[in-house]
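Residue numbers for the sequence shown, in the working numbering: 1 to 364. This report concerns only the one structure given below.
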Amino acid sequence: MAKPSSIGIPTETIGSIPRPLGLIERVAHCDAEDPNEDPDLAPHYEDAVRDTIERFEATGSPVVTDGEQKKYFGFATYCVYGLPNTAPDGFAIPFEDGHTRRLLRLTCGPFRYKRYADRYLDAAMRYAHVPVKQAVVSPSALSLMYPAETIADYSREQFIEDLLREHEAEIRRCLKRGAYKVQVDFTEGRLAVKLDPSGHLLNSFIDLNNLALARFSPEERRRIGVHTCPGNDRDSTHSADVDYAELLPSLFELKAGSFYIALASEPDRERVLEIIRNHRKPEQRIFIGVIAPGNPHIETPEDVRDRVLEAAEYIPIEQLGTTDDCGFSPFFDNTSLSRDTAFAKIRARVRGTEMAAELIGAHQ
Ligand SMILES: [Zn+2]
C-alpha cells in the first residue's frame with residue numbers, strides 16, 4: 001500500500017491581481033496630484049485589499065498578497081511616485097506589441113523613497129488569516145531613474161549609495177512587519193540581455209542587487225526571493241525572445257534564498273529546466289511558473305500537476321516550489337485579465353501542486 005503523502009511543495013503567487021474596475025475608474029478621474037495619498041480614495045483601496053485577500057484565501061492558497069491593489073502606478077514606481085524631484089519621461093520599457101511603460105526620471109538629488117512597501121503589509125495583515133508575502137522593486141530597476149548625463153552636485157555614486165540604503169530599509173521594514181517572504185521584482189534582468197546582448201548591463205544589475213543582498217544575514221536572505229520574467233502587460237511581453245541560457249547562470253549568482261522563474265509560457269520548458277538543474281545552488285529554492293498570466297485560458301489542476309512532475313525530474317523536491325509566471329497585473333490600469341480569471345488560475349495552481357505532492361509523496 002502506498003504511504004500517505006508526507007511532502008509538501010510550497011506554492012506562492014508573484015504579487016499583483018487585477019484591480020477592481022471601479023477602483024481603476026475612480027483613480028483615473030482623481031484630481032489629486034498623487035492618487036496614492038488621496039483620502040477620498042482610501043476607503044476604495046481598502047475595499048479592494050479586503051476583497052482581494054478574501055478571494056485569495058478562498059482559493060486555498062497557503063500564502064497571499066494584497067494583490068498590489070494600492071501600488072499606484074505599478075510594481076516599479078509605487079515607492080517614488082509623487083516625489084518632487086522626478087519627471088515622467090524616464091526609461092521606457094518597450095513591449096512587443098509596441099506600447100511602452102515609463103519609469104520616472106530623477107531630476108536632482110538626493111534620492112529618497114516616498115513610501116515603503118511595509119505600509120501595504122500593514123493593510124493586508126489586518127484581513128489575512130494566512131502568511132502574507134510582499135513584493136518590492138529591485139535596486140536595478142530604480143537605478144534606471146538616474147539620467148545618462150550627470151546630475152549637478154549629485155553623482156551617480158551618491159545616488160547608488162542612497163538607493164541601496166532605501167532598498168535595504170524597505171526590505172528590513174517588511175521583514176520586521178512579518179512578511180512571510182519579501183520578493184525583489186527583477187523583470188529587467190531578462191530585458192537587460194535584450195538591450196545589451198554583451199551581457200554587461202545584466203552583470204551590472206546582478207552586481208548592484210548583490211550589493212543590496214549582501215547587507216542581509218543568511219537567515220534573512222532565506223526570506224528574500226527574486227522574481228524573473230519576460231514582462232506581462234496588456235497581453236504582451238518585453239523580452240520573451242531572450243534565451244534563458246543568457247540569463248539564468250547569472251541569475252543564480254544572486255544571494256537570495258528563493259527564485260520565482262517564469263516557465264509556463266516558455267516554448268521549450270525541458271531545456272529551461274536543464275539550465276536550472278545545471279546552475280542552481282543547493283541552498284536555493286526554485287519556484288517554477290506553472291500558470292501563464294498573459295494567457296486567458298485557465299489551466300486545469302491536472303495541467304499544473306503534470307508541470308510539477310516534469311520539473312521534479314530536474315529539481316530536487318526539497319528545492320522545488322510553484323508560482324505564477326508573473327504578477328497578473330503589474331501595472332495598475334491593466335484590464336487585459338479579469339479578477340475572476342486570475343483567482344481561477346491561482347486555484348488551479350494550488351490544487352495541482354497538492355496533487356503532484358500527493359503523487360510524489362506516495363512514491364517515496
Ligand atoms: Zn513578472
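In this text, a Cβ means the ideal position worked out from N, Cα and C, and glycines have one as well.
Residue range 320-324 is occupied by the beta strand (DSSP E) that includes D324. Following the DSSP letters along the chain, one finds A135 inside the beta strand (DSSP E) bounded by residues 134-137.
C174 and A117 do touch by the CB rule: their CB atoms are close to 6 Å apart, below 8 Å.
Among the bridge pairs identified by DSSP, S236 is matched with D233. In the structure shown, the three-state DSSP call for D47 is helix.
Per DSSP, the unbroken beta strand (DSSP E) holding H227 starts and ends at 224-228.
Short of 6 Å from the beta carbon of N85, and not among the five residues preceding or following it, lie these beta carbons of its own chain, in chain order: T107, C108. Of the residues assessed, A92 falls on the exposed side of the cut-off, its CB having fewer than 16 other CB atoms within 10 angstroms.
Closer than 7 Å to some heavy atom of ligand 1: that describes the Cβ of G327.
Boundaries of the beta strand (DSSP E) harbouring T100: 100-102, taken from the DSSP string.
The residues G15, S16, in chain order, have a CB closer than 6 Å to that of E68 in the same chain once the five nearest residues on each side in sequence are set aside.
One Cα belongs to R222, the other to A256, and the distance between them is close to 7 Å.
L208 is positioned such that its CB atom lies closer than 8 Å to that of S140. P249 has its Cβ no nearer than 7 Å to any heavy atom of ligand 1. In terms of CA proximity to D268, A245 leads the group S217, S329, A245.
In terms of Cβ geometry, R349 and I291 form a close pair [threshold 8 Å]. One alpha carbon belongs to D153, the other to L103, and they sit about 22 Å apart. When the beta-carbon positions are compared, T335 and P43 stay at least 8 Å from each other.
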